[in-house]
Each structure stands twice: as structure tokens, then as C-alpha cells.
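Numbering-wise (the working numbering), the sequence shown opens with residue 33 and increments by one. Beta carbons: idealized from backbone N, C-alpha and C, even for Gly. Quick notes on the structure that follows.
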Amino acid sequence: MNLRHALLALAGLALFPVPALADSGFYIGAAAGGATQDIELGGAPEIEEDDTAFKVFGGYKFDMSVVDLGVELGYIDFGEAEINTADGELVFAPTGINLWGVAGFELGPVDLFAKLGVIAWDVETTTFAGRVSDDGTDFGIGLGAGFDIGKVQIRGDYELYDPSDVDVSMLSMLSLGVSYTFD
């Protein structure tokens, strides 16, 4: 699946008939948790580094009869991975803007959802020789669950990204957060 297919799938979400919608709404939120960066350095064994991460997001949820559909836009900071080498310390600091298509089921006050989307990422690498920046766009997938308390939702997410053409070969984040839905 390439970027064009993902964008077509997200555009297809907008084609659902509006009269079929029940309760819909905009929401905003924030979450924090742990991020893992899998780093490959020129043939050396893969290094896995963890750090604290955070994200902010907003979206629109279409509450439909069988499945809830939505779109979500967010900013994510994966923290920093610090690696000591013979030449000095390397620091990888990835961030990104993501766009998700979200599908979920409501089971009483509990929501279960899956996400498919794209991330426009940027990795700032600090080396003994200076700073280098790399960026790109790749796919992401995610799973999550939420517990509704009125308009507030406590939610947990797991997101996985596979950036290409960069030393960071895999990014993931497990987070706990809160969102607020506007009617």
C-alpha cells in the first residue's frame, strides 16, 4: 500500500451519507507514555532505545450504527535515543505529524478502535560532527481502547511506524491520555 492508496481510503471515509450519522463530534486530547526507537548503525546489531514521549491530537468521530468512523490529526514527539559509540554520543530525536483513519466499536462506556494512517516524520540526529536532519512520509498502524466518562475519555493507544531511509528503522509508542469531545 502506498501513500496514494492511503489518501484514497481516507477520502472514501468522507463519502458516507450524513443522514446515517447519529452522535458525531470534534475531539481534542493529549497523551504521554513510552516510545521505542529501533536503530541500525551501518551493519552493527540493532539497538533498541526507550524514552518518554508525548502527543497531542484532534479529530472528528462519526458515530454510526455498527461501527464508528473518524479522522484524527496529531503531533507526536518520540523523545530522544542516546547511544554512546567509540566516536562519541549519537542522539536521535524523531517527531512527526500523523493523519489517521479510525474505526471502532462502542461496548457500553468502552471503545475499542484501530487506526491506519500516515506520518510525516523528522529525525534530528546529533553527532560528534554536528547536527543532521532527515525527514519523510510513511505508514503507521495503531490499536487502542477508551473509557468514556461523559464527554471525557481516558484512552490508551499503541502506535507503530516504519520510517524508511533513515537509521531509525522502527518507531513505536504506548501511551495513556485523555480526550474531550465537543457536541
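Taking G106 and N130 to be in contact with their CB atoms under 8 angstroms, please state how far apart those CB atoms are, rounded to whole angstroms. 5 angstroms
Test item: CB-CB of V155 and P126 under 8 angstroms: yes
Which of the three DSSP states is assigned to G168 in this structure? strand
Sequence-distant residues of the same chain with beta carbon closer than 7 angstroms to G111, five excluded per side: A67, D83, T84 and A85, listed in sequence order.
DSSP three-state call for M205: helix, strand or coil? Correct three-state label for M205: strand.
Which of the three DSSP states is assigned to F214 in this structure? strand
With 16 as the cutoff for other CB atoms within 10 Å, does A54 come out buried or exposed? Residue placement at A54 is poorly supported in this model, since its pLDDT is 39, which falls under 50; the coordinates are not used for a value here.
Would you decide whether G136 is buried or exposed? Buried here means 16 or more other CB atoms lie within 10 Å of its CB. Buried: at least 16 other Cβ atoms inside 10 Å.
Which parts of the stretch 125-157 are runs of the alpha helix (DSSP H), unbroken and 4 residues or longer, counting only runs that do not cross its ends? none
With Q185 and G176 assumed to form a contact (beta carbons below 8 angstroms), what rounded beta-carbon distance in angstroms separates them? So it is not a contact: roughly 10 angstroms between Cβ atoms.
Cα-Cα, which of Q69, V88 and K87 is closest to I79? Q69
Can you grab the Cα-Cα spacing for the pair V134 / T159, in whole Å? Separation of V134 and T159 (C-alpha to C-alpha, rounded to the nearest whole angstrom) is 38 angstroms.
Within 8 angstroms, strictly: CB atoms of V88 and A64: no
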